[in-house]
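Quick note: the sequence shown uses this note's numbering, first residue 87, plus one each step. Think of the CB as a built atom: it goes at the ideal place given N, C-alpha and C, for glycine as much as any other residue. Okay, structure first, notes after.
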Amino acid sequence: MRAAAKTYETQTGAVRALDGVDLDIADGEFVSIVGPSGCGKSTLLRMLAGLDDCEEGELTLEGRRIDGPSRDVGVVFQAANLLPWLTVRQNVELPTRVGGKHAPGEVRVDDLLQMTGLADFGARYPYELSGGMQQRAGICRALVRNPRTLLMDEPFGALDALTRERMNMELQRIWQANGKTVILITHSISEAIFLADRVVVMSARPGRVLCDLKVDIPRPRGFDTIISHPEYARLAREIRGLLNAQGEIE
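Structure below.
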């Protein structure tokens, strides 16, 4: 991203959502983005997904300008958005059906269901799954076309604390198994640090990058061990201080 910016027109006038965002993310890196509500985090993610245009600056993926949705990018939103009349397997397969012919490198659905602990639930319908299981199915669906990059917009925000921790552990395991580039939007400081190689802190609207912090904590990480790690405490204090200065803490 180079000087990426976005302005929305509203009934009361123009709203500058993002302004001059510069950010580089390496292949296979896990980056968390935190910031005050309304700072443009989700707007940035939609731009990276090709669902919203970049009005100013430059947005590229592997050297190619992002000008629309790409099979190289998978997206997971806060709600799993599974189709209720389809089984878990059918929901996961859906992108391959909508996209037409199967492309080389697509992941076998059985492998994804096995990887996420849903192998025995492929024939179930969404209403038969817990919230965490629905989100795992949503992650499977985002991965089925084997994208190089996975974008996640507060995917565990609606889950209770314990389920959220379990899903964080699950996501860490999935990421370590497949080596995708992951960009996670979250309001949780602990989640951001636990999962990421780097935590990017954004300013209040218009969103800019305030700080880009490296998470130097060995993997695999566990919640019981990470909270006693001095680097975790240091990062949490720094991020909390930045957000608190803008009127928002976790």
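>> To the nearest angstrom, how far is the alpha carbon of ILE312 from that of PHE280?
In response: On the sequence shown, position 226 is the one that residue 312 refers to. On the sequence shown, position 194 is the one that residue 280 refers to. Roughly 7 angstroms separates the two Cα atoms.
> Does the beta-carbon of ILE269 have 16 or more other beta-carbons within 10 angstroms, so that it is buried, or is it exposed?
Replying inline: Taking the sequence shown and counting its residues from 1, one reaches residue 269 at position 183. Burial call: buried.
> DSSP state of SER276, grouped into three classes?
Replying inline: Here residue 276 refers to the residue found at position 190 when the sequence shown is read from its first residue. The DSSP-derived three-state label of SER276 is helix.
>> Our contact map puts CYS140 next to ALA90 with C-beta atoms below 8 angstroms; I'd like the distance itself, whole angstroms only.
In response: In the sequence shown, counting from the first residue as 1, residue 140 sits at position 54. In the sequence shown, counting from the first residue as 1, residue 90 sits at position 4. About 5 angstroms separates the two Cβ atoms, so the contact holds.
> Between which two residues does the beta strand (DSSP E) harbouring VAL120 extend?
Replying inline: Mapped onto the sequence shown, residue 120 falls at position 34. DSSP places VAL120 inside the beta strand (DSSP E), whose first and last residues are 116–120.
> Is the segment 167–178 close to the segment 205–214, with three or more CB pairs under 8 angstroms?
Replying inline: Contact between the segment 167–178 and the segment 205–214 is present, because at least three Cβ pairs lie under 8 angstroms.
> Out of curiosity, what's the CA-to-CA distance linking LEU137 and TYR94?
Replying inline: In the sequence shown, the residue the question calls residue 137 occupies position 51. In the sequence shown, the residue the question calls residue 94 occupies position 8. Between the alpha carbons of LEU137 and TYR94 lies a gap of roughly 14 angstroms.
> What is the DSSP secondary structure of TYR94, counted as helix, strand or coil?
Replying inline: Along the sequence shown, one-based indexing puts residue 94 at 8. Residue state, collapsed to three classes: strand.
>> If I measure Cβ to Cβ from GLU324 and keep anything under 8 angstroms in the same chain, skipping five residues before and after, which residues do I get?
In response: By 1-based counting over the sequence shown, the position of residue 324 is 238. CYS297, LEU299, listed in sequence order.
> Are the Cβ atoms of GLU148 and ARG284 separated by less than 8 angstroms?
Replying inline: Reading the sequence shown from its first residue, position 62 is the one you call residue 148. Reading the sequence shown from its first residue, position 198 is the one you call residue 284. No Cβ-Cβ contact shorter than 8 angstroms links GLU148 with ARG284.
> Relative to the C-alpha of ALA165, which residue among VAL120, GLU144, ARG222, PRO181 is closest?
Replying inline: Along the sequence shown, one-based indexing puts residue 165 at 79. Of the listed residues, the one whose Cα sits closest to ALA165 is ARG222.
> Is it buried or exposed for LEU257, if we count other Cβ within 10 angstroms and need 16 for buried?
Replying inline: In the sequence shown, counting from the first residue as 1, residue 257 sits at position 171. LEU257 is buried by the Cβ-count criterion.
> Are VAL195 and VAL230 closer than 8 angstroms when you measure CB to CB?
Replying inline: Within the sequence shown, numbered from 1, the residue matching residue 195 stands at position 109. Within the sequence shown, numbered from 1, the residue matching residue 230 stands at position 144. The answer is yes: Cβ separation under 8 angstroms.
>> So, for ARG250: in the same chain, excluding its five sequence neighbours on each side, which residues have a beta-carbon less than 6 angstroms away from its beta-carbon?
In response: Looking up residue 250 in the sequence shown gives position 164. By the criterion of a C-beta distance shorter than 6 angstroms, ARG250 is surrounded in its chain by PHE242, once the five residues flanking it on both sides are discounted.
> Where does GLN220 land, buried or exposed, given buried means 16+ other C-beta within 10 angstroms?
Replying inline: For the purposes of this step, residue 220 is identified with residue 134 of the sequence shown, where counting begins at 1. Residue environment analysis places GLN220 among the buried positions, since at least 16 neighbouring C-beta atoms fall within 10 angstroms of its C-beta.
> Excluding sequence positions up to five away, which residues of its chain have a Cβ less than 8 angstroms from the Cβ of ALA244?
Replying inline: Your numbering for residue 244 matches position 158 in the sequence shown. Counting only residues of its own chain and dropping the five nearest sequence neighbours on each side, ALA244 has a CB closer than 8 angstroms to the CB of GLN164, ALA165, GLY217.
> So, using beta-carbon positions, are LEU109 and MET133 closer together than 8 angstroms?
Replying inline: Here residue 109 is taken as the residue at index 23 of the sequence shown, counted from 1. Here residue 133 is taken as the residue at index 47 of the sequence shown, counted from 1. One thing to note: LEU109 has its Cβ no nearer than 8 angstroms to the Cβ of MET133.
>> Please identify the residue among SER289, THR129, TYR318 whose C-alpha is closest to the C-alpha of LEU329.
In response: Position 243 of the sequence shown holds residue 329. Closest option to LEU329, judged by alpha-carbon separation, among SER289, THR129, TYR318: SER289.
> Which one of PRO181, LEU248, GLY293, ILE225 has the shortest CA to CA distance from ASP310?
Replying inline: To locate residue 310, count along the sequence shown from 1; it is residue 224. For ASP310, the closest alpha carbon among the candidates PRO181, LEU248, GLY293, ILE225 is that of LEU248.
> THR272 and VAL162: beta carbons closer than 8 angstroms?
Replying inline: As a working note, residue 272 is residue 186 in the sequence shown. As a working note, residue 162 is residue 76 in the sequence shown. In this structure, the beta-carbon distance from THR272 to VAL162 does not fall below 8 angstroms.
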